[in-house]
Structure formats: structure tokens, C-alpha cells
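K.L.:
I'd like to ask some things about the structure below.
2 protein chains.
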Amino acid sequence: MTTAEQSSLDRLIHEPARLVLMSNLAVVDEADFVFLSHQTGLTAGNISSHMARLEEAGYVVIAKGFVGKRPRTVYRLTRAGRKAFDVYRVQVAELLAGPELRTQ
Amino acid sequence: MTTAEQSSLDRLIHEPARLVLMSNLAVVDEADFVFLSHQTGLTAGNISSHMARLEEAGYVVIAKGFVGKRPRTVYRLTRAGRKAFDVYRVQVAELLAGPELRTQ
DNA sequence: GCAAACTACTTTGCAGCACAAACCATACTA
DNA sequence: TAGTATGGTTTGTGCTGCAAAGTAGTTTGC
Chain A
116 MTTAEQSSLD RLIHEPARLV LMSNLAVVDE ADFVFLSHQT GLTAGNISSH MARLEEAGYV
176 VIAKGFVGKR PRTVYRLTRA GRKAFDVYRV QVAELLAGPE LRTQ
Chain B
116 MTTAEQSSLD RLIHEPARLV LMSNLAVVDE ADFVFLSHQT GLTAGNISSH MARLEEAGYV
176 VIAKGFVGKR PRTVYRLTRA GRKAFDVYRV QVAELLAGPE LRTQ
């Protein structure tokens, strides 16, 4: 197996903005839009569109509600999202640890 | 500092194909085209164009020669390339270890 | 009470870029 | 000498990340 096959990284997660979002969600388990925007420094547009893609992929669920009269959007990793993130993490770790040299 | 600023990943390295190339070069220190193509599973076109970009960035040096009558291209990380890869590695490790929660 | 500013997002447009397919040059081989 | 293999490079294009602009509603100032 080649290095590339071995670690064909999930590009949905690999993209830096989404990687930041996913890794944040992975530690807090639930986060709202405003929190993520402060925490990550990403623009509103980017959070919105990246989260939409992660939702499409089944990696996050998006819950929209109100707190008082104001909208509030809460994001949470799905089980599949957490699994995918774990897999990604292992693959990256292996890559960075140094690929195995192929004999022959 | 936000998560995104903290770890604004070097996209030149972050791109999976180049990440694979860089991580291979990091362990072997010198590798030729044919070796890398077997090792990584990347197509010839991709190796060629990605290496060209890494050279432009000053991350690798490309040495072209012949072995007998056949062309042979050897790639090697520059000091800057190795440094950049080390920095990248640390940033990714931090991200995956879990971003720090910002208070307030 | 109404306009201006703010909050919380979403949508749009474009510029950049990764990928594979096509191409090129030379060397073997039947 | 036609055909195939080797060792690459170049080209075309489709995707997509990003910022800027847009939307919908709310609060504030006067």
C-alpha cells in the first residue's frame, strides 16, 4: 500500500477551516455560532458554509432556535462525525510520524 | 488568539499530495522520481507539479541528472523545507490535541 | 415612531488550484 | 523501423474556499 492510499485523508475534515471547527466541536461537544466565531476567528460566512457542508456529510447536526428574540444556532458532532474525526486524527498522526519505507 | 490564527496551517504543506511528498522526504532525506511514485502512489503529473511548487517555495531542491542514458530527478528537502515541515507538524499536533477553550 | 446601527446568519462571485489526461523526448526491443 | 516503455512536463477544467454582499429581524437613539 502506498503512502497516499494508506492515508487518503478525508478532505472534508482536512480543510483547515473545517478542521478547526471539527476539533473545537470534538472537545466541547456542543457549540453555538457566536461562540465558534469568537473561538475560531472564522468569518460568519465561512462558519455558515462549512457547517452546511459538514451537515450534508452527516458529520454535524445543526439546531436552530431562539434565546429570547434572537436566533441561536447550535452545532454538535454526530456519531459519524466523531468517528470520521478519530479516523482522520489517526491517519494524520501516522503520516507525520513518518511513512513506512516500501521495500522493493 | 483564536484557533484559526493560532494554527494557520501552511497550505503548501497541508495539501495531501504535498504532505505525503514532504513527509516521505522528511524521513529519507533524498528520493528520486521513480521511488516517490512507487512509494506514494501519486501520478507522475502530480509529483512533477507539486514538486515544482515546493521548489518555488524553497522547500525542496530538484536535481536532474542521468543514470546511464536515463534521466533521473532527485528531490531533497532544504533546511527551510524541513523547518516549515516541523512547524506544520507541531501546529497540527496542537490542533488535534484539542484547541484551548477561550474564556469570556 | 422611525431611522440607523447592530446581531446572526446565508448567499453569491470569483480567483486559485489540484487533478488527470494529454503530451514530449529519448531509449529500448522485436 | 514500428511499437512500446521510461521519465518526466504541460494543459484544461471542474471544484471550492473565501470575502463581500445580502437578508431578516432587533435594539438603540432621538
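So the sequences go chain by chain: A and B.
Counting in this note's numbering, the final residue of the first sequence is number 219, and the numbers go up one at a time with none missing.
Counting in this note's numbering, the final residue of the second sequence is number 219, and the numbers go up one at a time with none missing.
For every residue, glycine included, the Cβ atom is placed at its ideal position computed from N, Cα and C.
#1: Tell me which residue opens and which closes the alpha helix (DSSP H) that LYS198 of chain A is part of.
#2: Mind listing which residues of the segment 135 to 162 of chain A have their C-beta closer than 8 Å to chain B's C-betas, in chain order?
#3: What residue from A:TYR190, A:SER122, A:VAL149, A:SER152 has the CA that sits closest to ARG168 of chain A's CA?
#4: If we ignore side chains and look at the alpha-carbon of each, how far apart do LEU151 of chain A and TYR174 of chain B end up?
#5: Can you find a CB in chain B that lies within less than 7 Å of the CB of LEU192 of chain A?
#6: For GLU215 of chain B, which option in A:PHE148, A:HIS153, A:GLY160, A:THR117 has the closest C-alpha, if you only look at C-alpha atoms?
#7: Reducing DSSP to helix, strand and coil, say where THR117 of chain B ends up.
#8: Look at the Cβ atom of GLY156 of chain B, then the Cβ atom of ALA119 of chain A, and state whether they are nearer than 7 Å.
#9: Beta-carbon within less than 6 Å of GLY196 of chain B's beta-carbon, same chain only, minus the 5 sequence neighbours each way: which residues are those?
#10: Per DSSP, what kind of secondary structure is ALA178 of chain A in: helix, strand or coil?
#11: Applying a beta-carbon distance threshold of less than 8 Å, which residues of chain A neighbour HIS129 of chain B?
#12: State buried or exposed for MET113 of chain B, treating a residue as buried only when at least 16 other CB atoms are found within 10 Å of its CB.
#13: Suppose you measure from the CA of LYS184 of chain A to the CA of ARG126 of chain A; what does that come to, to the nearest Å?
#14: In terms of residues, what are the limits of the alpha helix (DSSP H) holding ALA141 of chain A?
#15: Around the C-beta of PHE181 of chain A, are 16 or more other C-beta atoms found within 10 angstroms, so that it is buried, or is it exposed?
#16: Going along chain B in order, which residues have a C-beta closer than 8 Å to the C-beta of ALA119 of chain A?
#17: Using C-beta distances below 8 Å, list every residue in its chain close to LEU134 of chain A, excluding the 5 sequence neighbours before and after it, in chain order.
#18: Per DSSP, VAL189 of chain A is paired with what?
P.N.:
On the basis of the coordinates in this document:
#1: On the first sequence, residue 198 of chain A is found 83 positions in, with the first residue counted as 1. In this chain, the alpha helix (DSSP H) harbouring LYS198 of chain A covers 194 to 212.
#2: VAL135, SER138, ASN139, ALA141, VAL142, VAL143, HIS153, GLN154, THR155, GLY156, LEU157
#3: Here residue 168 of chain A refers to the residue found at position 53 when the first sequence is read from its first residue. That would be A:TYR190, whose Cα lies nearest to the Cα of ARG168 of chain A.
#4: Looking up residue 151 of chain A in the first sequence gives position 36. Looking up residue 174 of chain B in the second sequence gives position 59. Distance from the CA of LEU151 of chain A to the CA of TYR174 of chain B, rounded to the nearest whole angstrom, comes to 34 Å.
#5: Position 77 of the first sequence holds residue 192 of chain A. Chain B, which has no Cβ nearer than 7 Å to the Cβ of LEU192 of chain A, makes this no.
#6: Residue numbering aside, residue 215 of chain B sits at position 100 when the second sequence is read from its first letter. It is A:HIS153 whose Cα lies nearest to the Cα of GLU215 of chain B.
#7: The sequence position of residue 117 of chain B within the second sequence is 2, counting from 1. Residue state, collapsed to three classes: coil.
#8: As a position in the second sequence, residue 156 of chain B is number 41, starting the count at 1. As a position in the first sequence, residue 119 of chain A is number 4, starting the count at 1. The answer is yes: Cβ separation under 7 Å.
#9: Position 81 of the second sequence, counting from 1, holds the residue named residue 196 of chain B. Cβ neighbours of GLY196 of chain B beyond the five flanking positions: TYR174, VAL175.
#10: Taking the first residue of the first sequence as position 1, residue 178 of chain A is located at position 63. ALA178 of chain A falls in the strand class under three-state DSSP.
#11: Along the second sequence, read from residue 1 onward, the residue named residue 129 of chain B stands at position 14. Correct list: HIS129, PRO131.
#12: Residue numbering for chain B in the displayed model covers 116 to 219; residue 113 of chain B lies beyond these limits and cannot be assessed.
#13: As a first step, residue 184 of chain A is located in the first sequence; it is residue number 69 there, counting from the start. As a first step, residue 126 of chain A is located in the first sequence; it is residue number 11 there, counting from the start. LYS184 of chain A and ARG126 of chain A: Cα-Cα distance of roughly 37 Å.
#14: Sequence index remark: in the first sequence, residue 141 of chain A carries index 26 (1-based). 131 to 143 is the extent of the alpha helix (DSSP H) around ALA141 of chain A.
#15: Stepping through the first sequence from its first residue, residue 181 of chain A is reached at position 66. It counts as exposed.
#16: If you number the first sequence from 1, residue 119 of chain A lands on position 4. Near ALA119 of chain A (Cβ distances below 8 Å), the residues of chain B are PRO131, ALA132, VAL135, THR155, GLY156, LEU157.
#17: Translated into positions along the first sequence, residue 134 of chain A becomes position 19. Only ILE128 meet the Cβ criterion.
#18: Numbered from 1 along the first sequence, position 74 holds the residue referred to as residue 189 of chain A. Answer by DSSP bridge pairing, in chain order: A:ASP147, A:ALA178.
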